[in-house]
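Take a look at the structure below.
There are 4 protein chains.
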Amino acid sequence: MTDMAAMLNAYPGTLPKIDEDALVICVQDCLNCAQACTSCADACAADPAAAQLARCAGAVLNCADLATAAARVLSRPTPYDGEVTAATLHALTEACRAAYDECRRHALENEACRICGEACRRCAQACRHLLRSLERA
Amino acid sequence: MTDMAAMLNAYPGTLPKIDEDALVICVQDCLNCAQACTSCADACAADPAAAQLARCAGAVLNCADLATAAARVLSRPTPYDGEVTAATLHALTEACRAAYDECRRHALENEACRICGEACRRCAQACRHLLRSLERA
Amino acid sequence: MTDMAAMLNAYPGTLPKIDEDALVICVQDCLNCAQACTSCADACAADPAAAQLARCAGAVLNCADLATAAARVLSRPTPYDGEVTAATLHALTEACRAAYDECRRHALENEACRICGEACRRCAQACRHLLRSLERA
Amino acid sequence: MTDMAAMLNAYPGTLPKIDEDALVICVQDCLNCAQACTSCADACAADPAAAQLARCAGAVLNCADLATAAARVLSRPTPYDGEVTAATLHALTEACRAAYDECRRHALENEACRICGEACRRCAQACRHLLRSLERA
Numbered sequence: 053m054t055d056m057a058a059m060l061n062a063y064p065g066t067l068p069k070i071d072e073d074a075l076v077i078c079v080q081d082c083l084n085c086a087q088a089c090t091s092c093a094d095a096c097a098a099d100p101a102a103a104q105l106a107r108c109a110g111a112v113l114n115c116a117d118l119a120t121a122a123a124r125v126l127s128r129p130t131p132y133d134g135e136v137t138a139a140t141l142h143a144l145t146e147a148c149r150a151a152y153d154e155c156r157r158h159a160l161e162n163e164a165c166r167i168c169g170e171a172c173r174r175c176a177q178a179c180r181h182l183l184r185s186l187e188r189a
Numbered sequence: 053m054t055d056m057a058a059m060l061n062a063y064p065g066t067l068p069k070i071d072e073d074a075l076v077i078c079v080q081d082c083l084n085c086a087q088a089c090t091s092c093a094d095a096c097a098a099d100p101a102a103a104q105l106a107r108c109a110g111a112v113l114n115c116a117d118l119a120t121a122a123a124r125v126l127s128r129p130t131p132y133d134g135e136v137t138a139a140t141l142h143a144l145t146e147a148c149r150a151a152y153d154e155c156r157r158h159a160l161e162n163e164a165c166r167i168c169g170e171a172c173r174r175c176a177q178a179c180r181h182l183l184r185s186l187e188r189a
Numbered sequence: 053m054t055d056m057a058a059m060l061n062a063y064p065g066t067l068p069k070i071d072e073d074a075l076v077i078c079v080q081d082c083l084n085c086a087q088a089c090t091s092c093a094d095a096c097a098a099d100p101a102a103a104q105l106a107r108c109a110g111a112v113l114n115c116a117d118l119a120t121a122a123a124r125v126l127s128r129p130t131p132y133d134g135e136v137t138a139a140t141l142h143a144l145t146e147a148c149r150a151a152y153d154e155c156r157r158h159a160l161e162n163e164a165c166r167i168c169g170e171a172c173r174r175c176a177q178a179c180r181h182l183l184r185s186l187e188r189a
Numbered sequence: 053m054t055d056m057a058a059m060l061n062a063y064p065g066t067l068p069k070i071d072e073d074a075l076v077i078c079v080q081d082c083l084n085c086a087q088a089c090t091s092c093a094d095a096c097a098a099d100p101a102a103a104q105l106a107r108c109a110g111a112v113l114n115c116a117d118l119a120t121a122a123a124r125v126l127s128r129p130t131p132y133d134g135e136v137t138a139a140t141l142h143a144l145t146e147a148c149r150a151a152y153d154e155c156r157r158h159a160l161e162n163e164a165c166r167i168c169g170e171a172c173r174r175c176a177q178a179c180r181h182l183l184r185s186l187e188r189a
């Protein structure tokens with residue numbers, strides 16, 4: 053899907069002890085979640101019921117910003133610091149949870165919220181899976 | 053690959069007259085390019101020859117920032133403005149060109165630069181393709 | 053206001069031939085514009101008339117993303133490339149123009165739009181001033 | 053310094069119970085920290101001793117990305133969620149700590165690292181101050 057796995061293989065230094073498959077999947081789910089959340093906030097604004105979707109639009113924008121930051125932090129083996137990675141994944145997990153809860157409330161009437169909520173749920177799961185592999189390392 | 057096509061389908065308003073396949077491909081190439089450039093800058097820093105890779109590290113970071121911004125602008129049909137979209141695609145095309153030129157100079161010794169240069173080239177191509185479809189609209 | 057001027061002074065390489073005062077002012081106006089646009093999109097969503105503010109919310113989010121990218125590109129002397137800088141400033145100028153036009157339409161009823169429109173106008177002016185100094189160099 | 057305080061005053065909804073002065077200062081320190089970190093990574097790459105500054109360059113780029121995301125999350129009262137705000141501030145505090153530790157190791161020889169380390173220390177302090185005010189609310 054992305055070149056992330058190839059970029060990891062090409063890294064000239066020593067990679068941190070981290071589950072590489074979980075890392076690649078998490079970066080890809082972060083990128084997809086950031087994109088879906090950006091689209092969803094725009095769809096919420098364009099909805100005739102925009103005034104009822106204000107919290108949802110804001111929650112997915114927060115999630116897009118933290119997912120973008122997380123994808124970048126996870127793409128840098130050189131300054132790897134377990135505490136920074138864990139706290140970044142935790143912040144994104146909270147943002148995904150808040151965005152998912154808002155999206156789910158509107159999913160029946162709003163297809164954009166349904167798809168985006170699913171992207172947030174999947175991203176949170178990938179973050180939690182990677183977090184557990186960090187804790188075992 | 054991403055949920056971008058599904059998000060476009062779910063958009064509650066009227067989509068701008070734009071080649072939707074070219075749009076989806078461009079967003080995906082932007083996300084991949086941003087990720088590859090972020091990894092490449094980190095790989096350049098970790099290279100024993102880092103001092104020779106300074107311009108390359110900076111060029112790919114510029115490209116990552118403009119690709120991230122472009123993916124977001126392209127994900128918002130609601131405020132669509134042809135001049136903003138065209139200028140954003142043009143800025144990213146220039147950043148891809150500069151990053152590709154630097155990466156290509158190091159591609160033989162540095163596998164990360166080879167992969168990243170290819171991601172930049174593909175992203176620039178997707179931007180140019182989308183730009184041409186805007187001009188015909 | 054920010055440490056940008058001190059960071060330029062501390063740069064270990066040779067700075068590109070560029071008006072340094074215009075550069076520092078432009079980076080600060082980009083950061084302020086990005087912040088004001090982010091707040092403004094949130095205020096638009098929270099407005100009872102949110103459905104009428106959809107284009108405005110999207111235009112300021114585009115402007116926030118391009119202003120953030122521009123502040124970063126302008127903060128990197130090492131990979132300086134006049135074409136990349138000019139195209140980045142041009143894209144942000146277009147986004148500021150689109151955001152200003154939307155904000156101005158709502159400025160009488162909506163104080164957030166009034167302040168944000170002013171921030172966009174000032175940022176566009178700083179970009180144009182820096183662009184002209186590049187062309188003279 | 054920025055329009056953040058004016059934007060808060062103009063907010064059309066009900067602001068969350070949060071220390072507004074601490075919020076405004078924190079957003080401004082985030083923006084300055086993100087800018088200083090972006091400049092510092094570029095200065096590290098341009099240093100003849102770039103190969104020794106690899107971890108520092110990466111740590112400040114992580115910090116720039118998390119500070120940018122935090123400034124945006126803190127600029128949105130509408131979707132306010134105490135857990136998301138606290139986790140975002142915690143992630144940035146960790147990134148500031150890691151960046152400060154790296155910058156401090158190079159501060160004697162490298163003026164960019166000295167200034168940037170100070171910006172990170174101040175930003176971490178503003179985050180901790182805001183975090184404590186959230187816990188009291």
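Protein chains in written order, with our numbering: chain A, 53 to 189; chain B, 53 to 189; chain C, 53 to 189; chain D, 53 to 189. Every residue, glycine too, gets a C-beta built ideally from N, C-alpha and C.
Beta-carbon separation of residue i and residue j under 8 Å?
i: B/Q87; j: B/M53; result: no
i: A/L182; j: A/L75; result: yes
i: D/A171; j: D/C108; result: no
i: A/M59; j: B/I167; result: yes
i: D/T90; j: C/R128; result: yes
i: D/V125; j: A/N114; result: yes
i: B/G169; j: B/R156; result: yes
Residue i: which of the options sits nearest, CA to CA?
i: D/A111; options: D/A93, D/A97, D/T120, D/Q104; result: D/A93
i: C/L144; options: C/R180, C/A102, C/A95, C/L186; result: C/R180
i: C/D117; options: C/P129, C/A151, C/C155, C/C96; result: C/A151
i: B/P68; options: B/A58, B/C165, B/R188, B/T130; result: B/T130
i: C/D99; options: C/G169, C/A164, C/R188, C/A189; result: C/A164
i: A/A123; options: A/A62, A/H158, A/L186, A/A178; result: A/A178
i: C/A159; options: C/S185, C/A189, C/C96; result: C/C96
i: B/A102; options: B/E161, B/P64, B/E135; result: B/E161
i: B/A176; options: B/C78, B/L186, B/D73; result: B/C78
i: A/D73; options: A/P64, A/A57, A/E135; result: A/A57
Is it buried or exposed for residue i, if we count other Cβ within 10 angstroms and need 16 for buried?
i: D/L105; result: buried
i: C/L120; result: Going by the sequence as given, residue 120 of chain C is Thr instead of Leu. Result: buried.
i: A/E154; result: buried
i: C/R184; result: exposed
i: A/R174; result: buried
i: C/D133; result: buried
i: B/D55; result: buried
**OP:** Report yes or no: do the region 125-142 of chain D and the region 147-161 of chain A share at least 3 C-beta pairs separated by less than 8 Å?
**Re:** The region 125-142 of chain D is in contact with the region 147-161 of chain A.
Original post:
At which residue ranges does the region 130-165 of chain A contain complete alpha helix (DSSP H) runs of 4 or more residues, listed in the order of the chain?
Top reply: Counting whole runs of 4 or more residues, the region 130-165 of chain A contains the alpha helix (DSSP H) stretches 134-158.
Original post:
Of all the alpha helix (DSSP H) runs that stay within the bounds of the region 58-130 of chain D, which reach a length of 4 or more residues?
Top reply: List check, alpha helix (DSSP H) in window: 72-98, 106-126.
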